[in-house]
Amino acid sequence: MIHLAAQAGVRYSIENPLAYIDANLLGFANILEGCRHHDVEHLTYASSSSVYGANTSMPFSVHDNVDHPLSLYAATKKANELMAHTYSSLYQLPTTGLRFFTVYGPWGRPDMALFMFTRSILAGEPINVFNKGKHKRDFTYIDDIVEGVIRTMDHVAKPNSQWSSDQPDPGTSLAPYRIYNIGNNQPVELMRFIEVLEDHLGQKAVKNFLPLQPGDVPATYADVDDLIRDVDYKPETLIETGIANFVKWYRSYYQV
């Protein structure tokens, strides 16, 4: 089973936290129960890079402690990983959590930066650039995410026989449980991301520079060594290619 549904987004979780409790906690509990009662071979589910929260050691590793989330969205994703572990431990349900890093591309969410920037630039409206453009994000193209999901789905989680309770590894377990980062492993500054978008749109953006938003982190950077070792995969799509594909789709879909 692949479970990708959730109430997503850091900022909306500040406005409407109960939507996240309902969809991400209760909803995920129903998924786990469904798996338990129907002998599912392997549950692969979406987590998020947001779980790294206040961590500043880069790149983010699945073997790092992630007990300091900065938003309720991040907290629910961390809770999903904990819930999955209990089902792996109690019922021997193999589970694999995938921490996605800033997914973008055609058919992307309208509340994500690339979509909002494109719409505003084409309309001649200013764009809000938070953290004064100094954000760094490990932007990961949707095709790379899909490939990572499929590969990990086929790689059923197994217990780590070397796991030690004296020095517990957060990314593995004595239960059939695994966590992987799926990120491009190449952080890009937000201003560079906007420059590439401007080039492909053929228009300059009017920028409204703002401070860091509550719940946001200054940078994300995925350590994908485990993904490479276990699944033989590493996302590699450059933002120049990914943004070009998005702009082509956007112009076609919205006839602009």
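Its first residue numbered 71, the sequence shown is counted upward by one per residue in this note's numbering.
Where is the CB? At the ideal position from N, CA and C, for every residue including glycine.
What you are looking at is a predicted structure, and each value in this text was computed from that prediction instead of being measured.
request  = Taking Ile-219 as part of the alpha helix (DSSP H), name the residues at either end of that continuous run.
outcome  = By one-based count along the sequence shown, residue 219 stands at place 149. First, the residue type needs correcting, since residue 219 is Val and not Ile in the sequence shown. For Val-219, the enclosing alpha helix (DSSP H) covers residues 212 to 224.
task = Identify the continuous beta strand (DSSP E) that holds Asn-251 and give its terminal residues.
result = Translated into the one-based positions of the sequence shown, residue 251 becomes position 181. It spans 247 to 252 - the beta strand (DSSP E) in which Asn-251 sits, taken as one unbroken run.
inquiry  = For Pro-288 and Leu-282, which I take to be in contact (beta-carbon distance under 8 Å), what is that distance rounded to the nearest angstrom?
reply    = Reading the sequence shown from its first residue, position 218 is the one you call residue 288. Reading the sequence shown from its first residue, position 212 is the one you call residue 282. Contact between Pro-288 and Leu-282 holds: their C-beta atoms lie close to 7 Å from each other, under 8 Å.
task = Measure from the alpha carbon of Gln-325 to the alpha carbon of each residue in Arg-189, Glu-85, Asn-100 and Glu-195, then state which is nearest.
result = Position 255 of the sequence shown holds residue 325. Closest option to Gln-325, Cα to Cα, is Arg-189.
task = State buried or exposed for Leu-113, treating a residue as buried only when at least 16 other CB atoms are found within 10 Å of its CB.
result = Sequence index remark: in the sequence shown, residue 113 carries index 43 (1-based). Around the CB of Leu-113, 16 or more other CB atoms lie within 10 Å, so the residue is classed as buried.
task = Just the C-alpha distance for Glu-306 and Arg-179, rounded to the nearest angstrom, thanks.
result = As a position in the sequence shown, residue 306 is number 236, starting the count at 1. As a position in the sequence shown, residue 179 is number 109, starting the count at 1. Going by the C-alpha atoms only, they are around 21 Å apart.
inquiry  = Going by the DSSP bridge assignment, what does Phe-279 pair with across the sheet?
reply    = Sequence index remark: in the sequence shown, residue 279 carries index 209 (1-based). Val-199, per the DSSP bridge assignment.
inquiry  = In the DSSP output, which residue or residues are listed as bridge partners for Val-258?
reply    = Here residue 258 refers to the residue found at position 188 when the sequence shown is read from its first residue. The bridge partners DSSP lists for Val-258 are Arg-207.
Where the beta strand (DSSP E) through Tyr-115 begins and ends = For the purposes of this step, residue 115 is taken as the residue at position 45 of the sequence shown. 113 to 118 is the span of the beta strand (DSSP E), which, as asked, contains Tyr-115.
ask   = Is Gly-97 closer than 7 Å to Asp-181 when the C-beta atoms are compared?
value = Residue 181 sits at position 111 when you count from the first residue of the sequence shown. Residue 97 sits at position 27 when you count from the first residue of the sequence shown. With respect to Gly-97, Asp-181 sits apart: the two C-beta atoms are not nearer than 7 Å.
inquiry  = Rounded to the nearest angstrom, what separates Tyr-250 and Gln-77 at their Cα positions?
reply    = Translated into the one-based positions of the sequence shown, residue 250 becomes position 180. Translated into the one-based positions of the sequence shown, residue 77 becomes position 7. If you take the alpha carbons of Tyr-250 and Gln-77, they lie about 21 Å apart.
request  = Give the range of the beta strand (DSSP E) segment to which Leu-168 is assigned.
outcome  = Indexing the sequence shown from 1 puts residue 168 at position 98. For Leu-168, the enclosing beta strand (DSSP E) has its first and last residue at 165 to 170.
key: Contact check, Gly-167 vs Ala-154, beta carbons under 7 Å   = Position 97 of the sequence shown, counted from the start, is the residue given in the question as residue 167. Position 84 of the sequence shown, counted from the start, is the residue given in the question as residue 154. In contact: Gly-167 and Ala-154 (Cβ atoms closer than 7 Å).
Cross-strand partners of Ile-72 (DSSP beta bridge) = In the sequence shown, residue 72 corresponds to position 2, counting from 1. Bridge partners of Ile-72 according to DSSP: Thr-114.
key: Cβ-based neighbour list, Asp-213, same chain, cut-off 8 Å, excluding 5 preceding and 5 following   = Sequence index remark: in the sequence shown, residue 213 carries index 143 (1-based). Same-chain partners within the cutoff: Gly-175 and Thr-307.
inquiry  = Taking the alpha carbon of Val-266 as the reference point, which residue from Ala-314, Glu-217, Ala-75 and Gln-162 has its own alpha carbon closest?
reply    = In the sequence shown, the residue the question calls residue 266 occupies position 196. Ranking the options by Cα distance to Val-266, first place goes to Ala-314.
query = What does a CB cutoff of less than 7 Å around Arg-81 pick up in its chain, not counting 5 residues either side in sequence?
reply = Taking the first residue of the sequence shown as position 1, residue 81 is located at position 11. Only Gln-283 and Gly-285 meet the Cβ criterion.
key: Lys-274, buried or exposed, once every other Cβ within 10 Å from all chains shown has been counted against 16   = For this step, residue 274 is matched to residue 204 along the sequence shown. Result: exposed.
query = Can you tell me the Cα-Cα spacing of Tyr-323 and Pro-196, whole angstroms?
reply = Residue 323 sits at position 253 when you count from the first residue of the sequence shown. Residue 196 sits at position 126 when you count from the first residue of the sequence shown. Distance between the alpha carbons of Tyr-323 and Pro-196 is about 22 Å.
request  = Decide if Pro-246 is buried, meaning its Cβ has at least 16 other Cβ atoms within 10 Å, or exposed.
outcome  = Translated into the one-based positions of the sequence shown, residue 246 becomes position 176. By the 10 Å Cβ count, Pro-246 comes out buried.
message = By alpha-carbon positions, which one of Ser-118, Ala-116 and Asn-135 ends up nearest to Val-125?
response = In the sequence shown, counting from the first residue as 1, residue 125 sits at position 55. According to the sequence shown, residue 125 is Asn rather than Val. It is Asn-135.
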